[in-house]
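K.L.:
Let me begin by handing over the structure; questions about it come next.
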Amino acid sequence: MAIGGAALLLFATTACSGTTESTDAPQASEVPTELGLVSNLSDVMDAIDAAGIDCGDWEQLKAAADFEESAAGACPGGGRVAMFETESDLEFALDRYDTILTSAETTDLVGPNWMIDSGIGDLEQLQTALGGELVTSGNLD
Amino acid sequence: MREKLFALAERRGVTIEWSSLRMRDGEYRHDLSRIRLRHGMSPRLECWTLGHELGHAVHGDIRTCNDRVTSKQERRADEWAARFLIDLDRYRDVELLREGHVPSMAYDLGVISRGVEVYQRVLERLGDHVYLKPQHGVGQFAARLVS
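Keeping their order, the protein sequence lines are chains A and B. Mapping to the numbering used here: the first sequence position 108 is 89, numbers consecutive. Mapping to the numbering used here: the second sequence position 4 is 38, numbers consecutive.
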């Protein structure tokens, strides 16, 4: 019984200290978050939605086994989101874009294994919420 | 020309198969180093399709959901096929003979009309010269002919 009481006291103390710390923390909307690695395309879509960009009823694109993306989705108003199985798959794709596209044709918001193109909306707004890097692809030859 | 295409595929380790493809004449799978061609194409269409798919193989193209990259890859494969399949001197003779009539030129050159149109896209006429694949910098063109 004494041990149970101590445990309860410890829990209460921890919970209280947590509450105290959160009082000093900035509001959630001011805190940049990092989406990080994702395992599902809908994780990226949900994050876009939470960032205040309305994609609408997005459509999952058919990505066959030999596609470089593991999954991709399109918003009805334009804009595409792609997910790659690994970070190196995404890096390989970006390198390919640089050799194929000319004259800095496209800018994407790029996370560890996801990519959002500019057709979806304000990428800087999304970057604040999701993290990632704005990457312009294309060579200048 | 068909033999040259097959020889190139063999040198690059690309296998060629015929299949009942739907909605398209050919496909290239980089992960399998394999070209598939649709059964029953005319010789000229098959030659053009094989050239196009070999163009993908030569560039190591990978299929993608990225529209911009896809369209560039398709254009690049078309242009590679046109340059591989059409000889510039022969093109000049045929253009004169057929007075620029594209379907007739395609017949003579052993390609489809699209092949001729793509080839014309990579030609640039400046004065009395016709340039193949002109570009800036060193090696400013792949070939030059007096027209």
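We treat Cβ as the ideally placed atom computed from N, Cα and C, and that holds for glycine. Computed from a prediction, not measured in an experiment: that's the story for all the values here.
1) Taking just the CA atoms, how far does R58 (chain B) sit from I97 (chain A)?
2) If you measure beta-carbon to beta-carbon, which residues of the segment 27 to 43 of chain A are closer than 9 Å to chain B?
3) Looking at chain A, is there any beta carbon in it that lies within less than 9 Å of the beta carbon of L71 (chain B)?
4) Taking the beta strand (DSSP E) that E61 (chain B) falls in, what are its first and last residues?
5) Closest by CA to F118 (chain B), which one among B:G74, B:L143, B:S138?
6) For Y153 (chain B), which residues from the same chain have a beta carbon less than 6 Å from its beta carbon, with the 5 sequence-adjacent residues on both sides left out?
7) Since T87 (chain A) contacts L104 (chain A) with CB under 8 Å, what's their CB separation in whole angstroms?
8) Output needed for G102 (chain A): all residues of its chain with C-beta closer than 6 Å, excluding positions within five of it in sequence on either side, in chain order.
9) Take the Cβ of R45 (chain B) as the centre, count every other Cβ of all protein chains shown within 10 Å, and call the residue buried at 16 or more, exposed below.
10) Counting only beta-carbon atoms, is R135 (chain B) nearer than 9 Å to chain A?
11) Since R45 (chain B) is in the alpha helix (DSSP H), which residue starts that stretch and which ends it?
12) For F182 (chain B), tell me which candidate among B:L71, B:L66, B:H64, B:V103 has the shortest Cα-Cα distance.
P.N.:
According to the data block:
1) Whole-angstrom Cα-Cα distance: 29 Å.
2) Cβ contacts with chain B come from L42, K43.
3) Cβ-Cβ to chain A under 9 Å: no for L71 (chain B).
4) Element bounds for E61 (chain B): 60 to 63.
5) Checked all of B:G74, B:L143, B:S138; the closest Cα to F118 (chain B) is B:L143.
6) The residues are A116, I120.
7) Not a contact, Cβ separation roughly 11 Å.
8) The residues I34, in chain order, have a CB closer than 6 Å to that of G102 (chain A) in the same chain once the five nearest residues on each side in sequence are set aside.
9) It is exposed - the Cβ of R45 (chain B) has fewer than 16 other Cβ atoms within 10 Å.
10) This sequence places His at residue 135 (chain B); Arg is not what is there. Residue-level contact check: H135 (chain B) does not touch chain A, since none of the beta carbons of chain A fall below 9 Å from its beta carbon.
11) Unbroken alpha helix (DSSP H) run through R45 (chain B): 36 to 45.
12) Here chain B comprises residues numbered 35 to 181, so residue 182 (chain B) is not present and cannot be evaluated.
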